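Enquirer:
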Amino acid sequence: MKVVGFVGSPREGGNTEILVDEMLKGASDNGAETKLFNLNSLKITPCQACERCKVNGGECATKDDMQTLYKEIRESDAFVLGAPIYMWQMSAQAKLFTDRLYAFFMTGFEEKYGKKEIALAFTQGNPDANAFNDYLNSVKDMYGLFGNVRDPLVAGGTHEPGEIRGNEDVLKRAREIGKDLVI
Ligand SMILES: Cc1cc2nc3c(=O)[nH]c(=O)nc-3n(C[C@H](O)[C@H](O)[C@H](O)COP(=O)(O)O)c2cc1C
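Using UniProt numbering, read the sequence shown as starting at 1 and increasing by one per residue.
See the structure below:
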């Protein structure tokens, strides 16, 4: 059982990474092998809309670090995407990654690589964890193209890096979601 985490914050060791890491620890508690990638440190080009993925079985023609992540996802049983909310939406780093998953869409991905277990984790300055519910539920629906998606976990009121450590409840829930990914 392999679970991969993707972190869409430029702040290494920041709140988003801590939240994703907690999910991976939960998965690891249940025996999974885990890996974490910081999207900000990778070269991920925006989708060029060449549509070549649609004629060559889902292989993206852009040869950058996303090729490593495609392989990780194909070989995983579950994955986690974590992102800070920037201007009411996921960060650009997370969006670049998400757009590039288009290559997997409508190319028989599930038949070839199985249905993935998926968790979504968001951090935001706004203390109201429900503030961006409509948007986050739409992200959840879209990630449903690739597998079974858990309700997004939101940590509100996180400003300074590491502030999330004061929110034991959200960290506990992250660990539980991580455990639940290992089925
Ligand atoms: C460019 C930028 C835009 C942001 N926009 C929002 C926002 O729209 N709503 C919000 O609640 N927090 C917003 N924040 C706050 C971050 O989402 C929050 O501090 C988050 O926990 C940062 O995650 P990190 O510690 O992993 O970097 C913004 C922060 C930055 C730097």
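Positions of the beta carbon are idealized from the N, C-alpha and C atoms, including for glycine. All values derive from a computational prediction rather than experimental measurement.
Classify residue 77: buried if its beta carbon has 16 or more other beta carbons within 10 angstroms, exposed otherwise.
Expert: It is buried - the Cβ of residue 77 has at least 16 other Cβ atoms within 10 Å.
Enquirer: Give the range of the beta strand (DSSP E) segment to which residue 139 is assigned.
Expert: Premise fails: residue 139 lies in the alpha helix (DSSP H), 133 to 143, not in any beta strand (DSSP E).
Enquirer: Based on the DSSP output, what are the partners of residue 120 in its beta bridges?
Expert: Partner(s): 81.
Enquirer: I want to know whether the stretch 25 to 36 touches the stretch 174 to 182 - three or more CB-CB distances under 8 Å.
Expert: The stretch 25 to 36 is in contact with the stretch 174 to 182.
Enquirer: Going by CA-CA distance only, name the one from 66, 143, 30 that's closest to residue 2.
Expert: Out of 66, 143, 30, 30 has the C-alpha closest to the C-alpha of residue 2.
Enquirer: In this structure, what does DSSP give as the bridge partners for residue 34?
Expert: DSSP lists 3 as partners of residue 34.
Enquirer: Within this structure, are the beta carbons of residue 37 and residue 81 separated by less than 8 Å?
Expert: Cβ atoms of residue 37 and residue 81: not closer than 8 Å.
Enquirer: Buried or exposed: residue 32, going by 16 or more other Cβ atoms within 10 Å of its Cβ?
Expert: Buried, since its Cβ has 16 or more Cβ neighbours within 10 Å.
Enquirer: Just reading off the beta strand (DSSP E) that residue 154 is part of, what are its end residues?
Expert: Where residue 154 is concerned, the enclosing beta strand (DSSP E) stretches over 153 to 155.
Enquirer: Locate the beta strand (DSSP E) running through residue 55, then write down its first and last residues.
Expert: Here residue 55 belongs to no beta strand (DSSP E), and DSSP marks it neither H nor E.
Enquirer: Just to confirm before moving on: does the CB-CB distance between residue 152 and residue 139 stay below 8 Å?
Expert: Against a cut-off of 8 Å, the Cβ pair of residue 139 and residue 152 comes out as a contact.
Enquirer: Tell me whether residue 46, by its Cβ, gets closer than 7 Å to a heavy atom of ligand 1.
Expert: Not under cutoff, so the answer is no.
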